[in-house]
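Colleague: Okay, so the sequence shown: first residue is 19 according to the numbering used here, each after it adds one. Don't be surprised by glycine CBs; every beta carbon is placed ideally from N, CA and C.
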Amino acid sequence: MSAPDPTNGTGFCESSNLSPGTPEYFSAATAPFITLFALYGLLGSYRQPPSVCLVYAFVAVNGVVSFMGHWVATHDSVWSVLDQLTIVIPLFLADYGLLDDVTRHWARDKVLSNTAYNIVKALSSLGAAGGITLAIGLSPLSTTTLEIIFIVLAVVLFALVYLTYRQGRGRGVSMLPVASVVVMVIAAVFWNTNERFCSAIPPERRRFVPGHALWHIAIGFGVYIITQYATYVLHDSGVRRIKMTPTLRVIIEDIGRTHTVRPDVGNALPSWLQRKPSLSKFWVRANPKPEAKGEGDLARDMESGAVAVRLSPGCARHHVTWPHPSCKPAGELPLEPSQSTIYID
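1. By DSSP, does residue 170 sit in helix, in strand, or in coil?
2. May I ask you to verify whether the region 120-136 touches the region 75-93, counting CB pairs closer than 8 Å and requiring at least 3?
3. So residue 153 packs on residue 164, CB below 8 Å; how close in whole Å?
4. Indicate whether the contact test is met: 3 or more Cβ pairs, each with one atom in the region 230-249 and one in the region 174-189, closer than 8 Å.
5. What are the boundary residues of the alpha helix (DSSP H) that includes residue 144?
6. So, for residue 109: in the same chain, excluding its five sequence neighbours on each side, which residues have a beta-carbon less than 7 Å away from its beta-carbon?
7. What residue does the alpha helix (DSSP H) around residue 118 start on, and which one ends it?
8. Residue range of the alpha helix (DSSP H) that residue 206 falls in?
9. Beta-carbon within less than 7 Å of residue 157's beta-carbon, same chain only, minus the 5 sequence neighbours each way: which residues are those?
10. Give the secondary structure of residue 447 by DSSP, where H, G and I count as helix, E and B as strand, and everything else as coil.
11. For residue 46 versus residue 81, is the C-beta spacing smaller than 8 Å?
12. Along the chain, where does the alpha helix (DSSP H) containing residue 50 start, and where does it finish?
13. So what's residue 187 in DSSP terms, helix, strand or just coil?
14. Could you check whether residue 196 and residue 239 sit closer than 8 Å to each other, using their CB atoms as the reference points?
15. Taking only three categories from DSSP, how would you classify residue 246?
16. Could you check what DSSP says for residue 76 in three-state terms: helix, strand or coil?
17. Let me confirm a value: residue 143 is counted as buried when at least 16 other C-beta atoms fall within 10 Å, else exposed. Which label applies?
18. Would you mind stating whether residue 105 and residue 150 have Cβ atoms separated by less than 8 Å?
19. Would you grab the beta carbon distance between residue 207 and residue 32 for me? Rounded to a whole angstrom, and I think it's under 8 Å.
20. Which residue wins for smallest C-alpha separation from residue 191, given the options 233, 138 and 250?
21. From the DSSP output, in three-state form, read off residue 182 for me.
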């Protein structure tokens with residue numbers, strides 16, 4: 019995104035004392051970081067929803083057009099318009115995707131009726147299409163309007179992120195949206211402080227003002243980690259809670275990998291699993307004791323509390339050697355949200 023420099027009304031403090039068309043070297047040098055962060059996310063988007071891939075693709079293009087805008091350094095050019103559109107459009111897509119996800123879970127949990135969910139989905143689809151059309155139509159006329167749209171969409175996005183957290187999803191990576199906000203807010207404050215006090219900076223030093231250049235790195239990183247959170251949430255649609263015990267194992271069926279979770283690990287999933295949010299199926303096994311009670315149920319009392327896993331009827335209680343081929347999880351008994359949790363589909 020771009021903000022007019024108050025010293026000359028056309029560009030940034032970085033170029034306020036330069037002749038028209040002179041490149042803004044600092045900002046041009048950091049614009050590719052936006053593309054690099056987006057490409058990193060895009061290349062790791064195996065089995066991600068198409069909407070996530072589109073968000074990364076638009077942001078990758080944003081880095082290119084941002085570079086061109088700062089290299090040409092004429093902020094009323096087509097590059098400036100494209101710079102803003104390639105951030106606003108993916109925000110519309112992100113808001114649309116998360117809104118659909120939140121309301122779909124409300125419908126599943128009977129907070130919304132299926133009819134109400136369908137109405138919300140239709141209205142949000144029309145709103146996203148209309149908003150993108152309006153943004154494209156207004157972009158040549160008023161870049162300020164696009165900046166207002168950007169702010170509104172960003173606020174809506176983080177409100178939706180908060181709602182997903184309240185629904186009990188994404189808690190294993192809950193620091194990602196917080197980190198995104200902190201990084202981008204700090205960079206935005208630093209950038210705007212540079213612009214506001216540009217007139218106090220000697221003209222010969224203005225070309226070295228790093229405010230907007232830092233913003234490029236911050237927004238590239240911020241967009242990447244908030245999209246990673248959204249990806250995790252979209253694949254967390256069947257989340258259930260189960261309390262961790264010293265011998266709880268996470269069996270990842272897709273890749274056949276086993277990880278033993280210990281109490282000192284905390285409530286985070288293994289780092290190698292967090293890097294694979296596209297995994298659609300994995301389930302939990304625990305090592306039972308002979309005194310486990312109930313046909314098809316496994317219950318254990320540990321120092322940290324109780325863990326209960328409901329297994330399929332084929333898993334008899336005499337199977338004390340674990341895992342056993344006949345044992346398949348049929349669901350989990352609910353536990354208190356305050357307990358240490360891991361998340362499974």
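Modeller: According to the structure data:
1. Helix.
2. No, the region 120-136 does not touch the region 75-93.
3. 6 Å
4. yes
5. For residue 144, the enclosing alpha helix (DSSP H) covers residues 132-156.
6. Contacts found: 168, 171, 172 and 175.
7. In the DSSP annotation of this structure, the continuous segment of the alpha helix (DSSP H) that includes residue 118 starts and ends at 96-126.
8. 193-214
9. For residue 157, where only same-chain residues beyond five positions count, the Cβ hits under 7 Å are 99, 102, 103 and 164.
10. Since the first residue shown for the chain is 19 and the last is 363, residue 447 is missing from the structure and cannot be characterised.
11. no
12. 43-61
13. coil
14. no
15. helix
16. helix
17. exposed
18. Result no, Cβ atoms of residue 105 and residue 150 do not sit closer than 8 Å.
19. Actually they are not in contact, since the Cβ atoms of residue 207 and residue 32 sit about 17 Å apart, beyond 8 Å.
20. 250
21. Helix.
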